[in-house]
Each structure stands twice: as structure tokens, then as C-alpha cells.
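Structure first, commentary second.
Chains as they are written, first to last, in the UniProt record's numbering: chain W, 1 to 353; chain E, 1 to 353.
Laid out in C-alpha cells, this is it:
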């Protein structure tokens, strides 16, 4: 498989989409990306697993990371890519999440031999599966120096606009307990599902915090995302588990988020099962400011968790900026507007000229 | 396989236990029971499936049904029967539920050629599985005349005491609905699990009714026996289902029980999934009164649902009276006290002499 970096960004997106790369099966695509980048004499290329890093080294005053993942969710009868020229849309798995963004990255790599800022391009594996496999996360551990930069752009779909930072996410199990009994003699037991009423009452009464950070309004959320309990149709149950998901603004640390949830469910048994930090928007940093000015338009907060948080861990401010509407990510009818692809490419080229 | 009706009631229980008869596999035991009863010239025997009915026809003023089921729950490393003579206990699957009771029935059939009341012995299949298979229920439909009587005794384990009538049981699903959304933008959805708070609040605040009927105090119960909801760890769920079980005193009809539950959960979507009537104790009937006087001791209400309700449907008052502690039914260490077996046999023989 060969990629043609001289093709236009839409054709290049199509080529990337048509090299299937469901998570854990990125090798063929990573090989093609690596081979294409190695043809470019102004870049030094490093390969780690199925993650490819390519860097300029022009001694500029600032360095910017531009990153995108190579993998997709499973195929859902939506390959190969299909162009609808009259609607100006490219359909197919990965067009939105996020091979459109990857195509923009490859166009920048090929067409900007002398960018105004040094660039580090990262095309990585396994973003759509458990974080232990995530290529960007692995890189932050194996090669933190390779990622050092003043600013990072993650080309996750954001309607070709800037979504700054991201909220953190915490998952917990809130458990009530009781005592089993035959339901025909229920007064001999204690019903753990009835005891969960208070857990749900607190959730139903939750008032979200909406802090303003760097001029952006975040919006927290605390939700039951699952509930289970019950032994049999004739047994008073002795356990009920409410799974909750707390999405928290990036001004809270993970420790503060955990303390909030433990306090919120005070009196109940709380087990934290997943916890990932948010990312501050960092719009006060010069590189970020310049980027936002160059892109223009409204800057929005990112509510969902994305890999921008990986950069926060390294102290690098980061934003999401990429083609495609995130609402169509992971959908059977995934697609990207051609105009998003060309606009992202143009805007970044102007900023880096 | 052959049964020896001349053996004592404990030995006969042992013989019955050692002919395995898990539900749907009662044929060998039913054949042995039928063959033994056909040896007795004072009885006329009818076979339906693996259910055996044997009747005296002496023209007495009253007729009494004495019934027991032949099947057991699955084997759980508790066969063959094991006697512990020092403790006076017989161990093994079915000793308690309810081959001890069946042995008493067979002893009465063999030893009372001229009982003071006409007798109808019913030994039936498939009590431990869905009611469509239940041999007694089938008989009420196929041969209601065969079951006609003034009084019925069901030899379910009741600690060799009288437990009168039984409570009815109703199962329902109470459903809340909402609107899915990504949990990172939860305000765009409506959380169906949070909406279930009110369902659990009502359950937690439920006050059971304890009506006195024929001098016995029943005790109702309304419990969540299961709860489920949730789509994925990052989705605001659009449905939550609370499974409830209502155990109602026998002065309520099934229609009244259903109306109570629908009213209790007014405003929620309620689906009735199972509904079985209770049985009035019927202790005002002459045959029942005479039986209770003869047995002596305290009469208790039956809280759990049993097949006595089948007799209620035919207008026949019925009580539970059998050897064994029901708490050991369906347990690996199922057992019956020898004293319960001999006491039940003796008491019934005296009452029928």
C-alpha cells in the first residue's frame, strides 16, 4: 500500500480510509505512513510499535506537536470510502474519527519544508481501546523528550473549530448492602435496592458546576450510567451497585474529583474504577494565543475527554482542532465535509507559513 | 424399582428419596408409586402423565384430598439418602421437600382400608418448575371431578404443624424512560436511572398490611427483587427497570392485587409479569376445624405461595401440613427429622380412624 502525499487532502483522506486499520490492526497503515514520511528529507522519522513520529529540526523559537490516531472502531459496513461530490461530503469509516485529520497532518508534513515553528508530527496507534494500548500514552512514558513542545494540536474532530482543554472523567461504583431473605417473608431481610433510593435521590438533586476557565465555560456532570441488583425473583436482594460517571472541569485535579465524589456519596461504599485528568485550556500561553487568533472564530471548551490530557501531563497546553462533526464519530454513517478538510489544511498552513 | 408399603415411614421415605426424580424425570418414581397403589384392593387408581390419583369410595359423608408432589430440584451431591440415627435425622435430596410427606401419604393409603372419611390421594409431577408443567394444575383442568372434596391437605414441609392458606404473589416491571446522551454532555439527555429514585422512594416508604383472617395474621410485602439500567459507561441511560414482587394476603383477589400495585406506582409504566392467587385459610369449614382440633398445636398462616391455591380455585379449603422445616428445602443439606415423619403419620391416622 502506498500513499500519495502530492494528492489533494480529500484524495489523501480517501487513501487513508481505504487502508483498514481497526484498533490492534494498524500495521499496514503505519507502514505506509512511515514509508511516505521517510521520503521527505526535511523530517527525521522515529517508529515505536505502530506509532510514527516525524520532526523538523530548524532551530525555531517554538515547537508544536500535531497529533492524530491511526486506528478506527470496528468496520460497520462502511468501507471503502464513498465520495458524494454534489453534497461535498466524504463518507466512510474513519473519515471523521480521524483520518481526515491525519490527512491534514500528512499534507503539512509534505508541503511545509520550512515551517515558521518547528513541528513534531505524531501518528499513533490504539486510541479507540483501553488506555494501556494507547500509542500516545506509551510515547509519553518511553520517549517524553520526543514530545517536548510549547503547544500541541490534537486533530480530533471538532467541526474545524478550536475546542480547548478537556474535562476529566471518573467512574465509581456506589454500593449498598442488605440482608437476603425469601420475598414471602421479606421482613426478615433488608432490601439493598430500597437502600439505593438515597443514592438516586442525591444524583437527581445534583447541581452541576459551570466554572469559567480562560474565558471558556465548562459544564460538569454526575450521572448514573448503570445500576444492577437482584438475586432471584423470590429473594430480597443483599446488594445493589450504582455505576456513576463524573465529568469534571479541568480546574479540579483527579484527587479533588475523587474527594468530591466520596463526599457526595458520604455514608455509602464508593469504589473508584477509572480516573483520568482533564486538561486546562492553556489559552494564556503565547503559542496557543497565536494559534487561536490565526484560526479565528469561536473557541469552545471540550466537554469529552480526549488525548489532549496526555499533553497536560507533560505540561504542554493543547487544543482539539480537526475536521468532522464528533457526533458522527463511531456511527455507521460516519462522514466528513470536504470543506472542513480544506479549511483545516489552509488555516494551519497560513499559521505555519 | 419397587416400593415396600409395609415398611415403616422412615424406610419408605428413604426408598422414595433413592429413586431420583428431578422435575421432568419423574417417570420411574411415578411407575413405582402407581404399581404399589394398584396392589391395594380398596383403592381405584388413575394415572395422568406422571401423576397418580388413588381414591377410596366408601360413601362417607366427607371426602378429603391428601396431596404431595413427586419431583425434586436438581441433585446437589445429596443422594442417596443418609440416616443419622443418633440425631434422629434422615438426610438427602427430597427428604424435606417432599418425599417425607409422600411416604406418609403412601402409609395412609396402605394402612387405612376403611378410613372415617373418603380419601383421594394425589401424587403429582413437576411442582418445582414453571406452572404450565404442574401435575396438580393440569388435573384441575383435565379432571376437576377427580379432585372434588370437602377439604384438602397439601403435605408441603411445615414443621409437622398446620399452616393455613397461602399468600398470593405478583411480579411486575416498573419502567422509567429518558433520553440517551453522551455522559460528557449529560445535560443534553434525560437520565432514566435518576428517574427511578421516586420508584425506590415509594418502595422504601411502603408500609405492609397485616390483616387477620380466620384468626391468623398474614403479612404482606412489596419488594424490589431486581433492578437494571445502563447502556455503556459513557452514555446517559434511557431506560431503567425495577422488578418488584408483591406478596399479598389471601383476602385480596388477583385483580385487587394488580390494582394496588398499579396505584402504588401511579405515574410509572407498570407491566405485570406473573400473578398467582392466594388461598384463604378456610378454617371455618367443618372438615378443616375437625382436622385442626385433631392435630392440636398452633396454626400459622402460610406466607409463601404453595399449591394450596390450586384447591382454592376449585372452592376447596386447604392447608399445608407436612414433615420437615421449609428452610431446608432446596438446600444442599436438606433433611427431615424422623420424629416429624412418625408424628404426621400418627396424627393423620388418628384423625382418619
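Ideal Cβ placement from N, Cα and C applies to all residues, glycine included.
From the DSSP secondary-structure annotation, give me the bridge partner or partners of residue i.
i	result
residue 321/E	162/E
residue 124/W	69/W
residue 51/W	48/W
residue 193/E	Its beta-bridge partners do not exist; DSSP assigns none.
residue 177/E	239/E
residue 114/W	Residue 114/W is not bridged to any residue.
residue 301/E	164/E
residue 217/W	212/W
residue 335/W	91/W
residue 169/W	247/W and 276/W
residue 22/E	72/E
residue 63/E	118/E
residue 182/E	235/E
Determine the direct distance from the alpha carbon of residue j to that of residue i, and round the result to whole angstroms.
i	j	result
residue 232/E	residue 226/W	8 angstroms
residue 207/W	residue 258/W	17 angstroms
residue 82/E	residue 9/E	15 angstroms
residue 350/E	residue 291/E	10 angstroms
residue 49/E	residue 69/E	13 angstroms
residue 271/W	residue 344/E	53 angstroms
residue 52/E	residue 235/E	56 angstroms
residue 180/E	residue 190/E	7 angstroms
residue 64/E	residue 153/E	8 angstroms
residue 222/E	residue 247/E	6 angstroms
residue 335/W	residue 95/W	5 angstroms
residue 198/E	residue 105/W	52 angstroms
residue 140/W	residue 46/W	14 angstroms
residue 284/W	residue 304/W	21 angstroms
residue 200/W	residue 239/E	14 angstroms
residue 320/W	residue 162/W	6 angstroms
residue 269/W	residue 237/W	17 angstroms
residue 166/E	residue 133/W	59 angstroms
residue 311/E	residue 317/E	7 angstroms
residue 99/W	residue 13/W	6 angstroms
residue 346/W	residue 261/W	44 angstroms
residue 1/W	residue 281/W	38 angstroms
residue 67/W	residue 121/W	6 angstroms
What first and last residue would you give for the beta strand (DSSP E) that runs through residue i?
i	result
residue 151/W	151–154
residue 84/W	82–84
residue 271/E	269–276
residue 286/E	Segment 286–295 is the alpha helix (DSSP H) holding residue 286/E; no beta strand (DSSP E) there.
residue 228/W	221–229
residue 90/W	89–91
Around the C-beta of residue i, are 16 or more other C-beta atoms found within 10 angstroms, so that it is buried, or is it exposed?
i	result
residue 115/E	buried
residue 186/E	buried
residue 220/E	buried
residue 86/E	exposed
residue 155/E	buried
residue 76/W	exposed
residue 194/W	buried
residue 41/W	exposed
residue 188/E	exposed
residue 253/W	exposed
residue 130/W	exposed
From which residue to which residue does the alpha helix (DSSP H) around residue i run?
i	result
residue 140/E	135–142
residue 343/W	338–352
residue 105/E	100–111
residue 40/W	Unbroken run through residue 40/W: none, as it is neither H nor E.
residue 257/E	254–264
residue 6/E	First-last for residue 6/E: undefined, no H or E at that position.
residue 129/E	Counting along the chain, residue 129/E falls outside any alpha helix (DSSP H), and DSSP gives it neither H nor E.
Anything in chain E within Cβ reach of residue i, meaning under 9 angstroms, just list it in chain order.
i	result
residue 237/W	223, 224, 225, 226 and 227
Going along chain W, which residues have a C-beta under 7 angstroms from residue i?
i	result
residue 219/E	187
residue 194/E	200, 203, 204 and 224
residue 171/E	233
Cβ closer than 7 angstroms: which chain E residues qualify as neighbours of residue i?
i	result
residue 240/W	227
residue 303/W	184 and 185
residue 343/W	The contacting residues do not exist; residue 343/W stays about 24 angstroms from chain E at best.
residue 191/W	223 and 224
Please list, in chain order, the chain E residues whose beta carbon lies closer than 8 angstroms to that of residue i.
i	result
residue 201/W	197 and 201
residue 243/W	230 and 233
So with CB distances below 9 angstroms, who are the chain W contacts of residue i?
i	result
residue 167/E	184
Listing by chain order, which chain W residues have their CB less than 8 angstroms from the CB of residue i?
i	result
residue 247/E	183, 184 and 186
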